[in-house]
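The block underneath contains the structure these notes are about, expressed in structure tokens.
Numbering (the UniProt record's numbering), first residue to last: 1 to 460.
What follows is the structure, given as structure tokens:
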């Protein structure tokens, strides 16, 4: 293996406008969230491959010799980056012991990990022993791109560790991003991971995780906005489960029943997305004005009404909109709807007390709520030199076995609760980056916990 240690991160995603309409050929705007997934890959001498996923209480290890048996004897190429290897997926399903039915989160995460690991390292015919540990600030199953951020991190770390792509870090840097060619390769491998997890993904989520910022999606074509403002939002999880498949089918049924009503609504949603794109472009190329925020707020209100009309709203989302509007803030659902998550725009002049009170109001409703930003940077590599010894010790204690001493454990690791640079009890959060390594990340923690950190940054 080319490197001994690799630390990477990738952002989650939200849909700003265009939910459901995008299924019918309209524009959708997908934005990166400053809530990230982090991955640490370490080379070991244990002859084992280990994965530690504390967010879903999973720690597993396999002998390298056993995994080598999954490689083709002929020396043929394993896993084309542009095409999912169906035979390898079948073998891995059997190896992991899962049926052809719907997979749970744990099984999907393991399959994606093993698939990318085997495909990336198969060319050398020498599978390395390593330990991969992953944490996320993103809840699973909430439509916030947690699986895509995971796949992007896997692809970036494996490609970097194998020497397929060079490290973007210079000697003096703590955080850096790859060039366009390398990110395209990361994105393609991440898409294969998403195909294992979701079957037939659009490619939007992994693209947001790779490039960050704001992406325009229409009929399979993804275009990145060249410059985007970093907007503050509240992200709220109503914790109401929903089926995207059922909701999409419901919209289709309404279209078939009332085509002269629903089709114009979808056209209007398309116009909202395009108007928002134009407004964001203006904000990025000049100083944002109060009028820009007025437009964004009106578009949020209009789009939320659209989504209720096509039948993907929910009483919890109505409550979200009412609670935030009482504080002078504007909200809409993000993603499939029917519960799930919503976003609330925060203006630059919004007072901290208003934000704190709004978050408390929403938590009193039984929701989870975070202050974060949209337009965050895409996949990044972080320098291991930024790791503090005490934080490494805390990390090892929390994750169970030492990273350098992997063992055959099939038990969940201890729950993670860290004290990181003054921020108390961040369950399952990234424990080891110093303030210098990734100030924006730690500031986002402070915003999420204390709602008082002011962060000004542009997606790059």
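No residue lacks a Cβ here, since even glycine has one placed at the ideal position from N, Cα and C.
Using the three-state DSSP reduction, which class does residue i fall into: helix, strand or coil?
{"i": "residue 236", "result": "strand"}
{"i": "residue 85", "result": "coil"}
{"i": "residue 396", "result": "Any answer about residue 396 is weak, because its pLDDT of 49 lies below 50 and its placement is not dependable; what the coordinates show is given next. Note: residue 396 maps to helix in three-state DSSP."}
{"i": "residue 217", "result": "strand"}
{"i": "residue 382", "result": "strand"}
{"i": "residue 42", "result": "strand"}
{"i": "residue 361", "result": "helix"}
{"i": "residue 336", "result": "coil"}
{"i": "residue 464", "result": "Here the chain comprises residues numbered 1 to 460, so residue 464 is not present and cannot be evaluated."}
{"i": "residue 20", "result": "coil"}
{"i": "residue 353", "result": "helix"}
{"i": "residue 224", "result": "strand"}
{"i": "residue 391", "result": "Because residue 391 sits at a pLDDT of 43, beneath the cut-off of 50, its placement in the model cannot be relied upon, and the point is left open."}
{"i": "residue 345", "result": "strand"}
{"i": "residue 406", "result": "For residue 406, the predicted structure reports a pLDDT of 35, less than 50, and the residue's modelled location is therefore unreliable. The matter cannot be settled from this model."}
{"i": "residue 486", "result": "Lying outside 1 to 460, the shown extent of the chain, residue 486 is not represented and no answer is given."}
{"i": "residue 3", "result": "coil"}
{"i": "residue 68", "result": "helix"}
{"i": "residue 242", "result": "coil"}
{"i": "residue 112", "result": "helix"}
Buried or exposed: where does residue i fall if 16 or more other Cβ atoms within 10 Å of its Cβ makes it buried?
{"i": "residue 204", "result": "buried"}
{"i": "residue 181", "result": "exposed"}
{"i": "residue 385", "result": "exposed"}
{"i": "residue 12", "result": "buried"}
{"i": "residue 326", "result": "exposed"}
{"i": "residue 270", "result": "buried"}
{"i": "residue 422", "result": "With a pLDDT of 25 at residue 422, under the threshold of 50, the modelled position of that residue is not reliable, and no figure is offered here."}
{"i": "residue 26", "result": "buried"}
{"i": "residue 229", "result": "buried"}
{"i": "residue 54", "result": "buried"}
{"i": "residue 258", "result": "exposed"}
{"i": "residue 221", "result": "exposed"}
{"i": "residue 68", "result": "exposed"}
{"i": "residue 94", "result": "exposed"}
{"i": "residue 352", "result": "exposed"}
{"i": "residue 278", "result": "exposed"}
{"i": "residue 82", "result": "exposed"}
{"i": "residue 243", "result": "exposed"}
{"i": "residue 373", "result": "buried"}
{"i": "residue 289", "result": "exposed"}
{"i": "residue 36", "result": "buried"}
Going by beta carbon distance, what residues of the same chain come within less than 6 Å of residue i, once the five residues before and after it are set aside?
{"i": "residue 1", "result": "43, 128 and 161"}
{"i": "residue 144", "result": "12 and 138"}
{"i": "residue 331", "result": "320, 321, 324, 342 and 344"}
{"i": "residue 5", "result": "42 and 384"}
{"i": "residue 147", "result": "197"}
{"i": "residue 218", "result": "27"}
{"i": "residue 286", "result": "none"}
{"i": "residue 462", "result": "Any answer about residue 462 is impossible in this case: the structure gives the chain only from 1 up to 460."}
{"i": "residue 105", "result": "56 and 140"}
{"i": "residue 66", "result": "none"}
Which partner residues of residue i appear in the DSSP bridge assignment?
{"i": "residue 136", "result": "37"}
{"i": "residue 371", "result": "234"}
{"i": "residue 80", "result": "83"}
{"i": "residue 48", "result": "63"}
{"i": "residue 9", "result": "38 and 380"}
{"i": "residue 32", "result": "13"}
{"i": "residue 53", "result": "58"}
{"i": "residue 212", "result": "377"}
{"i": "residue 331", "result": "344"}
Ordered along the chain, which non-local residues of its own chain (more than five positions away) have a Cβ less than 7 Å from that of residue i?
{"i": "residue 322", "result": "none"}
{"i": "residue 78", "result": "71, 72, 85, 88, 118, 119 and 122"}
{"i": "residue 262", "result": "254, 255 and 310"}
{"i": "residue 18", "result": "26, 27, 28, 29, 269 and 273"}
{"i": "residue 226", "result": "none"}
{"i": "residue 280", "result": "214, 225, 228 and 229"}
In its own chain, which residues sit with a C-beta less than 8 Å from the C-beta of residue i, not counting the 5 before and 5 after it?
{"i": "residue 124", "result": "162"}
{"i": "residue 195", "result": "84 and 201"}
{"i": "residue 329", "result": "234, 344, 345, 346, 350, 354 and 358"}
{"i": "residue 98", "result": "107 and 111"}
Would you say residue i reaches chain B, if we count a Cβ-Cβ gap shorter than 9 Å as a contact?
{"i": "residue 358", "result": "Protein chains in the displayed structure number just one, and chain B is not present."}
Sorry if obvious, but does the Cβ on residue i come closer than 8 Å to a heavy atom of the ligand ADP?
{"i": "residue 248", "result": "The model on display carries no ligand, and the ligand ADP is accordingly not part of it."}
### Query
Curious, which full-length beta strand (DSSP E) runs of at least 3 residues does the UniProt domain "GHMP kinase N-terminal" (123-209) contain?
The UniProt domain "GHMP kinase N-terminal" (123-209) contains these whole beta strand (DSSP E) runs: 130-136.
### Task
Could I get the ranges of all uninterrupted alpha helix (DSSP H) runs contained in the stretch 250-323, with 4 residues as the minimum, in chain order?
DSSP runs (the alpha helix (DSSP H)) wholly in the stretch 250-323: 259-285 and 290-309.
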